[in-house]
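K.L.:
Here it is: the structure, laid out below.
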């Protein structure tokens with residue numbers, strides 16, 4: 005159990021990044037329209053986030069400072085501001101969606117309209133951020149979020165044609181009913197979701213919260229290599245369930261309840277109950293992650309005191325900024341905007357902002373002034389440069405594909 009709790013930061017970060025409310029629906033949409041023919045994107049995303057999250061965790065452990073803080077110092081105010089602006093906008097959109105996601109999950113469980121649950125979700129997230137210690141927060145939300153493994157269990161219970169699923173994975177193609185542009189739009193959306201900037205900023209800030217040092221580099225790698233592949237595995241399980249049940253039925257996923265259909269069909273009410281618990285935990289964890297990431301980046305850019313290891317009175321601006329972010333997200337939700345739509349757009353905008361996040365991380369991870377002997381090795385730099393090319397292509401193509409496909413319609 006101690007070893008499991010030791011990787012809770014990686015689990016929380018990965019679940020928040022891979023299976024938040026938007027990812028739940030996006031993966032189900034992809035599965036219901038393309039089967040598992042976009043599974044390769046999830047794999048590419050998992051390898052990429054592992055690569056850069058490992059750099060980010062190493063920067064935090066060696067320098068004793070969060071990655072964004074080092075980027076601000078190393079790259080200067082202008083580069084830091086560009087990074088802050090892009091990541092903060094995405095964080096705000098995602099916070100909005102996650103608060104709405106908690107409310108949607110509670111609506112699924114109770115039948116009460118989700119807008120009535122929004123204030124409850126807001127209060128719960130604020131109370132945890134204000135009162136609960138970081139270690140307890142990551143352990144509880146990370147472990148309860150593992151309930152989403154029910155998707156993998158459901159996939160086995162559905163007894164699919166494994167050969168057909170394998171064929172979709174290893175020989176991906178676009179069906180006659182879909183257009184190539186739509187396929188690539190969702191490919192970029194999945195990639196942006198896997199590589200969302202707040203994941204690495206939260207992970208490195210969490211490492212500082214936990215006071216990681218050079219001796220903890222092995223724990224950092226373990227968090228990365230267990231947490232993020234787990235998130236990718238859950239993404240594939242969600243898409244697989246949709247491919248087996250929803251694709252043959254011609255069901256186009258537009259609501260959270262449709263995401264739950266394959267699980268309910270495979271495991272009945274018990275599986276559905278476990279799923280709802282998992283969705284609440286995952287969206288709640290993602291809400292905590294993105295809210296904290298917003299506070300972290302603002303505080304680290306402006307040089308404020310920050311961290312849950314400090315009392316709120318000792319980091320007042322850090323805590324106040326998170327309250328403002330939460331209130332802004334709720335204000336947007338109360339207009340009646342669809343929280344799922346907000347997140348689907350946020351993952352595409354995330355893809356656009358990726359170069360502003362990952363190029364500075366690569367530069368800092370190679371700076372001996374901060375890293376000493378722990379700078380990147382040559383193979384890591386080669387992989388990092390390859391991924392920067394992929395990131396740049398995805399960033400350039402995102403908006404044209406969004407316009408051309410009507411956001412994947």
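Numbering (the numbering used here), first residue to last: 5 to 413.
Built from N, CA and C at the ideal position, the CB exists for glycine as well.
Just so we're clear, the structure is a prediction, and the values are computed from it rather than from any experiment.
How would you label residue 213, buried or exposed, when you count the other beta carbons within 10 angstroms and need 16 or more for buried?
P.N.:
Translated into the one-based positions of the chain shown, residue 213 becomes position 209. Buried: at least 16 other Cβ atoms inside 10 Å.
K.L.:
Can you list, in chain order, the residues of its chain with a C-beta nearer than 8 Å to that of residue 216? Leave out the 5 residues immediately preceding and following it.
P.N.:
Indexing the chain shown from 1 puts residue 216 at position 212. For residue 216, where only same-chain residues beyond five positions count, the Cβ hits under 8 Å are 61, 64, 65, 223 and 224.
K.L.:
Any contact between the segment 244 to 258 and the segment 156 to 173? By contact I mean 3 or more CB pairs, one from each, below 8 Å.
P.N.:
yes
K.L.:
Between 291, 339 and 353, which lies nearest to residue 23 when the distance is taken from Cα to Cα?
P.N.:
Position 19 of the chain shown, counted from the first residue, corresponds to residue 23. Comparing Cα-Cα distances from residue 23 to each of 291, 339 and 353, the minimum goes to 291.
K.L.:
Can you round the beta-carbon distance between residue 32 and residue 262 to whole angstroms, since I take them to be within the 8 Å contact cut?
P.N.:
What you label residue 32 is simply residue 28 of the chain shown in a count that begins at 1. What you label residue 262 is simply residue 258 of the chain shown in a count that begins at 1. Between residue 262 and residue 32 the Cβ distance is about 7 Å, and since that is below 8 Å, they are a contact.
K.L.:
Helix or strand or just coil, what does DSSP make of residue 155?
P.N.:
As a first step, residue 155 is located in the chain shown; it is residue number 151 there, counting from the start. Three-state result, residue 155: helix.
K.L.:
Of all the options 198, 152 and 219, which has the alpha carbon lying nearest to the alpha carbon of residue 232?
P.N.:
For the purposes of this step, residue 232 is identified with residue 228 of the chain shown, where counting begins at 1. The shortest C-alpha separation from residue 232 is found at 198.
K.L.:
According to the neighbour-count rule (16 or more other Cβ atoms, all chains shown, within 10 Å of its Cβ), is residue 266 buried or exposed?
P.N.:
Locating residue 266 in the chain shown gives position 262, where the first residue counts as 1. Burial call: buried.
K.L.:
Is it buried or exposed for residue 174, if we count other Cβ within 10 angstroms and need 16 for buried?
P.N.:
The sequence position of residue 174 within the chain shown is 170, counting from 1. Answer is exposed; the Cβ neighbour count stays below 16.
K.L.:
Do the CB positions of residue 59 and residue 365 come within less than 8 Å of each other?
P.N.:
Your numbering for residue 59 matches position 55 in the chain shown. Your numbering for residue 365 matches position 361 in the chain shown. Their beta carbons are under 8 Å apart, which means residue 59 touches residue 365 by this criterion.
K.L.:
Could you spell out where the alpha helix (DSSP H) holding residue 65 opens and where it closes?
P.N.:
As a working mapping, residue 65 is identified with position 61 in the chain shown. Looking at the DSSP string, the run of the alpha helix (DSSP H) that includes residue 65 is 43 to 67.
K.L.:
Counting Cβ pairs, one atom from each stretch, are 3 or more of them under 8 Å apart for the segment 76 to 90 and the segment 312 to 324?
P.N.:
no
K.L.:
Where do the ends of the alpha helix (DSSP H) carrying residue 139 lie?
P.N.:
Locating residue 139 in the chain shown gives position 135, where the first residue counts as 1. Start and end: 138 to 149.
K.L.:
For residue 108, I'd like the list of residues in its chain whose CB is within less than 6 Å of its CB, leaving aside the five on either flank, ordered along the chain.
P.N.:
The residue given as residue 108 occupies position 104 in the chain shown. So the qualifying residues of the chain are 118 and 260.
K.L.:
Go ahead and pull the three-state DSSP assignment for residue 5.
P.N.:
The sequence position of residue 5 within the chain shown is 1, counting from 1. Low per-residue confidence applies at residue 5: pLDDT is 48, beneath 50, and the placement is therefore not dependable enough to give any value.
K.L.:
Please report the residue range of the alpha helix (DSSP H) in which residue 30 lies.
P.N.:
Within the chain shown, residue 30 is the residue found at index 26, counting from 1. 25 to 38 is the span of the alpha helix (DSSP H), which, as asked, contains residue 30.
K.L.:
Does DSSP classify residue 225 as helix, strand or coil?
P.N.:
Position 221 of the chain shown, counted from the start, is the residue given in the question as residue 225. Note: residue 225 maps to helix in three-state DSSP.
K.L.:
Grab the span of the alpha helix (DSSP H) containing residue 390 for me, first residue to last.
P.N.:
Looking up residue 390 in the chain shown gives position 386. Run containing residue 390: 382 to 409, per the alpha helix (DSSP H) assignment.
K.L.:
Kindly indicate which residue of 53, 182 and 52 has the alpha-carbon position closest to the one of residue 254.
P.N.:
In the chain shown, residue 254 corresponds to position 250, counting from 1. Of 53, 182 and 52, the residue nearest in Cα terms is 182.
K.L.:
Could you pull out every residue in the same chain whose Cβ sits closer than 6 Å to the Cβ of residue 7, ignoring the five residues on either side in sequence?
P.N.:
For this step, residue 7 is matched to residue 3 along the chain shown. Any reading at residue 7 is ruled out, since the residue's pLDDT is 47, under 50, leaving its predicted position unreliable.
K.L.:
Who are the Cβ neighbours of residue 148 in its own chain at under 6 Å, not counting the five residues just before and after it?
P.N.:
Counting from one through the chain shown, the residue named residue 148 turns up at place 144. Counting only Cβ-Cβ distances below 6 Å, and skipping sequence neighbours, we find 285.
K.L.:
Here's the rule: buried if 16 or more other CB atoms are within 10 angstroms of the residue's CB, otherwise exposed. What is residue 377?
P.N.:
Counted from its first residue, the chain shown places residue 377 at position 373. Residue 377 counts as exposed, since fewer than 16 other C-beta atoms from the protein chains shown sit within 10 angstroms of its C-beta.
K.L.:
For residue 156 and residue 241, which I take to be in contact (beta-carbon distance under 8 Å), what is that distance rounded to the nearest angstrom?
P.N.:
For the purposes of this step, residue 156 is taken as the residue at position 152 of the chain shown. For the purposes of this step, residue 241 is taken as the residue at position 237 of the chain shown. Confirmed, about 4 Å.
K.L.:
Does the distance from the C-beta atom of residue 97 to that of residue 350 stay below 8 Å?
P.N.:
The count along the chain shown starts at 1 and reaches residue 97 at position 93. The count along the chain shown starts at 1 and reaches residue 350 at position 346. Annotated as proximal: residue 97 and residue 350, with beta-carbon spacing under 8 Å.
K.L.:
Going by DSSP in three states, residue 97 sits in which element: helix, strand or coil?
P.N.:
In the chain shown, residue 97 corresponds to position 93, counting from 1. It is helical.
K.L.:
Under a Cβ-count criterion, where at least 16 other Cβ atoms within 10 Å of its own Cβ denotes burial, should residue 127 be classed as buried or exposed?
P.N.:
Taking the chain shown and counting its residues from 1, the one referred to as residue 127 is at position 123. Residue 127 comes out exposed.
K.L.:
Determine the DSSP secondary structure at residue 77, reduced to helix, strand or coil.
P.N.:
Counted from its first residue, the chain shown places residue 77 at position 73. Here residue 77 sits in helix by DSSP.
K.L.:
Around the C-beta of residue 352, are 16 or more other C-beta atoms found within 10 angstroms, so that it is buried, or is it exposed?
P.N.:
Here residue 352 refers to the residue found at position 348 when the chain shown is read from its first residue. Per the 10 Å Cβ criterion, buried.
K.L.:
Which whole-angstrom value describes the C-beta separation of residue 179 and residue 374, a residue pair presumed to lie in contact below a C-beta threshold of 8 Å?
P.N.:
Here residue 179 corresponds to residue number 175 of the chain shown, with the count starting at 1. Here residue 374 corresponds to residue number 370 of the chain shown, with the count starting at 1. That pair is no contact at about 49 Å.
K.L.:
Please classify residue 219: is it buried, with 16 or more other beta-carbons within 10 angstroms of its beta-carbon, or exposed?
P.N.:
Walking along the chain shown from the start, residue 219 turns up at place 215. Burial call: exposed.
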